[in-house]
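Residue numbers for the sequence shown, in mature numbering (1 follows the signal peptide of the UniProt record, and there is no 0): -23 to -1, 1 to 527. One structure is given below, encoded as C-alpha cells.
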Amino acid sequence: MKLYPSLFFTLLFLFTFTPFSNARGVNGGMECAVCTVVLGLTEQLAAIHNETLVAASMRICSMLPYPLKLYCSKSVNALEEFLSQEFPVTITPDVLCYALGVCYTDPEVGFCHLFPKPKMGLSTSVEVVKEYLRNANRSSLKKFPLLDSKRSPTFDICQVPGIKGICHLISRSFNLIAPALDVDQDWFSSFPWARGSFWRGRDCRDWDGKSYPGRVPSDGDVAHDSNCNGIYGMQTTDPIMPYEDSLCKGTGAQGLVYIGDSVGAHFHCPEAWMDPKQLSSETLQNITQWIFNEGDWPQLGFVTGYMNVTNSLLIKGYTDSIYLRLRARNRCNHRDYQNLSRNGASTKTVLKHAAGSLARNKTSDHPTFVIYGLFGNDVCNNFANTVEHMTTPKMMHENVMNLLERLDATLPNGSHVLLIGLVDGSFIYPTMSERIHPIVLFMTNMNDSMRAFELSGVLKKIAEKERFSSLEVHYLDNPLAQVMQEWEAKGNEVWELLDPVDSLHPSQIAQPLIADVLWRNLEEKYPYVLGDVNPHNDKIKQLFGDQGGH
C-alpha cells in the first residue's frame, strides 16, 4: 500500500513542542492521538475526492494560509520519493504512527488503536514496517530524521523540513509565555498571536519599554499614553489638569491576571477540522492563528475575552468575561489584563511559568486582581498510574504557598488573589461517552472526586488562615457545577457545555456562563475586590470613544 504525508506534519508539532506534551499520557498520549486521527482524516479526504493520499495531502496544503502552505508543501515534497513505495503489509494510521515512533507501548501497557487491526496483527505489522524503514535506501530518509541507527524509529517534528521554521518562530512564546514579537521586551506586544494582545493588553508604544498596560501614568500622561488605556492629554476647562487625574485618579483602577490551565486559556479544537467533508480553505484560514496560540482562544474566553465571535464555522457562541466586566466598571482598566494560563498546567508547574512571566512592578504599576484557577490537572493527569501522580494535599499547600509568597513580593500593595477550587470532573464521561468517540483515553479512576475535594479544601484553608503584606487572599468554589445546574434547570443538556472534539473543555457556549456565575459569586462574597464603579465612565467614553480598541 502506498502512504503519503498528511496534515499531521503541520499540526503535530503543536503537541511535541509545547508544554502540553510534558504530560504525555500512555503510548505517546496526545501526540499519538493527533497522528492517528489526522492521518485517518487525510485518508477519508482522499476517498471523498477519489484521489491518492499524496494528492489529498497537497489539497490540504493548498487550503492552508501562508506561511503554513509553504511549510506543509515542503514536508510533503521532502518525503514524496520515499513514501511513494509499496509497503509489504497493509498500513493503517495506527501502524504508521507506531512505526515512526510517534506512538509506542509503555511498560505493562498494550497497543492502543483507533482503526481496525491488520490481519497479521498490529504488533507484527508495526515491526515489519519498522524493519522496512531501517533497511530502506532512499535519499529522502537523509532529509527526514525518522530513524536513529538500529533503534526504533523516532520522530522529531521540529526537524522536518518546513516545520522547523514554525518551531523557530514560536520558541519564545511557547517556552517563556512571553510575546513572540515584543520590540521593547516589556512583556506586552502590538501583535495579537503567540502570547501577544490575545493574551495581554495591547502595547500602544512597542518601541518604548516604559509604556505598557497597567502602569501608573507617567507625568499624568499629558504627552502620551504611557499605560495604554487610551486616556491621555490635558483637560483645558477648569480645573486644568491631566485627564488621567480628573478621570482615573482615586477611582481604584486595577489590572486582572489569570493563572490557570487549558480551561483558563480556552482550549478549543474546531469540529470542522475533524470532519473531512468540512475541510476547505475557509475552515482552515485561521489555523495559523490557532497554532501560534497553542490551540487556545483566550480572546473569546471567560477570563480575558474581549472579541466577538467572527467565524461561526470554527467556534459558536458569544463573549463575556471577567475582564470586560471590570472594564465596564471602570474604563480606566482598559487593556490591563494578563492571561498566564498554559495547557496542562498544575500547581507543580505553575510557579515557574506563571510567576516568571508575570509583568507587574510593585512600585510603578497599579494593584491587580489575580485569579488562580487550576481546574483539574493536579487530579486528572495523563499518567497510566493516575492516583500515584496526583498532587497530595501536602504538595498542594506547599505549591500554592510558594506562588503566593512570590506574588506578595511582586504585586503592588492593595492587590487581591482569588483561589478557585478544583472541578469535580466525574460528570464528563457519563455525559459525553455515548455522543462521540473520545480522542483521549478515559480511565475509570481519572476523575477522583475525593482528591479534588481535598485539594480544594487546602485552597480554602489557605485563604482563611494565611496573611500577606501586599495582598488579600480569597476562595470560591469552582463555578462549573453551578453553571451546569442552572443550564439544566432551563431545560438544556450538559453536553452542550463541553467541546465536542475532546469531550473535556468548556465550549464557547459555556464561557460567558462561567464568567456570569463567577462574577455573581464575587459580587455576593467579595464585592470590594471588583473596585468601585467609576463615576467618570460616561465622560471617558464621550472623550475617548473605544479608547483605542484592543
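Yeah, the Cβ is synthetic: ideal placement off N, Cα and C, and Gly gets one too. These figures come from a predicted structure and were not determined experimentally.
- Would you decide whether W184 is buried or exposed? Buried here means 16 or more other CB atoms lie within 10 Å of its CB. Taking the first residue of the sequence shown as position 1, residue 184 is located at position 207. That one is exposed.
- On a CA-only basis, which of W274, M427 and D385 is nearest R444? Give me that one, please. For the purposes of this step, residue 444 is identified with residue 467 of the sequence shown, where counting begins at 1. Nearest option by C-alpha distance: D385.
- Query: Under three-state DSSP, which class holds V356?
  - Reply: Counted from its first residue, the sequence shown places residue 356 at position 379. Coil.
- Return the chain-ordered list of same chain residues with a C-beta closer than 6 Å to the C-beta of R177, the five sequence neighbours on each side being excluded. Numbered from its first residue, the sequence shown carries residue 177 at position 200. The residues are F165 and Q315.
- Buried versus exposed call for Q488 [16 or more other C-beta atoms within 10 Å across all chains shown]: Along the sequence shown, one-based indexing puts residue 488 at 511. With at least 16 other beta carbons inside 10 angstroms of its own, Q488 counts as buried.
- Query: Leaving out five residues before and five after E465 in sequence, what residues of the same chain have Cβ atoms less than 7 Å from its Cβ?
  - Reply: Taking the sequence shown and counting its residues from 1, one reaches residue 465 at position 488. Short of 7 Å from the beta carbon of E465, and not among the five residues preceding or following it, lie these beta carbons of its own chain, in chain order: V471.
- Query: Nearest to I68 by CA position, among E473, V106 and G526, is which residue?
  - Reply: Counting from one through the sequence shown, the residue named residue 68 turns up at place 91. That would be V106, whose Cα lies nearest to the Cα of I68.
- Query: Out of curiosity, what's the CA-to-CA distance linking P130 and P389?
  - Reply: The residue labelled residue 130 in the question sits at position 153 within the sequence shown. The residue labelled residue 389 in the question sits at position 412 within the sequence shown. Unreliable positioning characterises P130 in this predicted model, as indicated by a pLDDT of 47, which lies under 50. A coordinate reading is not provided.
- The alpha helix (DSSP H) spanning L73 covers which residue range? As a position in the sequence shown, residue 73 is number 96, starting the count at 1. Unbroken alpha helix (DSSP H) run through L73: P70 to L77.
- Message: Please report the distance separating the alpha-carbon of A336 from that of F151.
- Response: Indexing the sequence shown from 1 puts residue 336 at position 359. Indexing the sequence shown from 1 puts residue 151 at position 174. Approximately 17 Å between the Cα atoms of the pair.
- Task: Return the residue from the list I268, S298, C80 and M97 that minimises the CA-CA distance to L89.
- Result: As a first step, residue 89 must be located in the sequence shown, where it is residue number 112. The sequence shown places Cys at residue 89, not Leu. Comparing Cα positions, the closest option is C80.
- Task: Give me the Cα-Cα distance between L448 and E20, rounded to the nearest whole angstrom.
- Result: On the sequence shown, position 471 is the one that residue 448 refers to. On the sequence shown, position 43 is the one that residue 20 refers to. So the alpha carbons of these two residues sit roughly 55 Å apart.
- Query: Where does T13 sit, in a helix, a strand or coil, going by DSSP?
  - Reply: Here the question's residue 13 lines up with position 36 in the sequence shown. Helix.
- Round the Cβ separation of D313 and G229 to the nearest angstrom and send it over; I've been treating them as touching at under 8 Å. For the purposes of this step, residue 313 is taken as residue 336 along the sequence shown, with counting starting at 1. For the purposes of this step, residue 229 is taken as residue 252 along the sequence shown, with counting starting at 1. Not really, about 12 Å apart at Cβ, beyond 8 Å.
- Query: Comparing alpha-carbon positions, which option in V280, S298, E501 and W274 lies nearest T287?
  - Reply: Stepping through the sequence shown from its first residue, residue 287 is reached at position 310. Among V280, S298, E501 and W274, the Cα nearest to that of T287 belongs to W274.
- Item | Cα-Cα separation between P95 and S102, rounded to whole angstroms | As a working mapping, residue 95 is identified with position 118 in the sequence shown. As a working mapping, residue 102 is identified with position 125 in the sequence shown. Going from the Cα of P95 to the Cα of S102 covers about 7 Å.
- Task: Tell whether a beta-carbon distance below 9 Å holds between V460 and V377.
- Result: The residue given as residue 460 occupies position 483 in the sequence shown. The residue given as residue 377 occupies position 400 in the sequence shown. In this structure, V377 does not lie closer than 9 Å to V460 by Cβ.
- Query: In whole angstroms, what is the alpha-carbon distance linking I486 and N112?
  - Reply: Within the sequence shown, residue 486 is the residue found at index 509, counting from 1. Within the sequence shown, residue 112 is the residue found at index 135, counting from 1. Distance between I486 and N112, taken at the CA atoms: about 52 Å.
- Message: Looking at the secondary structure, which residues open and close the beta strand (DSSP E) in which S223 lies?
- Response: Reading the sequence shown from its first residue, position 246 is the one you call residue 223. Unbroken run through S223 is the alpha helix (DSSP H), Y220 to L224; no beta strand (DSSP E).
- Task: Given a cut-off of 9 Å, decide if H393 and V506 are closer than it, judged by their beta-carbon atoms.
- Result: For the purposes of this step, residue 506 is taken as residue 529 along the sequence shown, with counting starting at 1. For the purposes of this step, residue 393 is taken as residue 416 along the sequence shown, with counting starting at 1. The answer is yes: Cβ separation under 9 Å.
- Message: Please return the same chain residues whose Cβ sits closer than 7 Å to the Cβ of S341, not counting the five positions on each side in sequence.
- Response: What you label residue 341 is simply residue 364 of the sequence shown in a count that begins at 1. For S341, where only same-chain residues beyond five positions count, the Cβ hits under 7 Å are R192 and V193.
- DSSP state of V510 mapped onto helix, strand, coil: Taking the sequence shown and counting its residues from 1, the one referred to as residue 510 is at position 533. For V510, the three-state secondary structure derived from DSSP is coil.
- Apply the 10 Å Cβ neighbour rule to M40 and answer buried if 16 or more other Cβ atoms are within range, or exposed otherwise. To locate residue 40, count along the sequence shown from 1; it is residue 63. Buried is the call here.
- Message: Using the Cβ count rule (16 or more neighbours within 10 Å means buried), how would you classify D515?
- Response: On the sequence shown, residue 515 is found 538 positions in, with the first residue counted as 1. Counting Cβ neighbours within 10 Å, D515 comes out exposed, since fewer than 16 surround it.
- Message: Check for me: the alpha helix (DSSP H) holding I439 runs from which residue to which?
- Response: The residue labelled residue 439 in the question sits at position 462 within the sequence shown. Counting along the chain, the alpha helix (DSSP H) containing I439 begins and ends at S426 to K442.
- Message: Only counting the same chain, and skipping five residues up and downstream in sequence, which positions put a Cβ closer than 8 Å to that of K127?
- Response: Within the sequence shown, the letter at position 150 stands for residue 127. In this prediction, K127 has a pLDDT of 41, which is less than 50 and means its spatial position is unreliable; nothing more can be read from the coordinates.
- Thinking C-alpha only, which one of M211, I37 and L475 is nearest D198? By 1-based counting over the sequence shown, the position of residue 198 is 221. It is M211 whose Cα lies nearest to the Cα of D198.
- Message: Helix, strand or coil, according to DSSP, for N316 in the structure here?
- Response: The count along the sequence shown starts at 1 and reaches residue 316 at position 339. DSSP places N316 in strand when its eight states are reduced to three.
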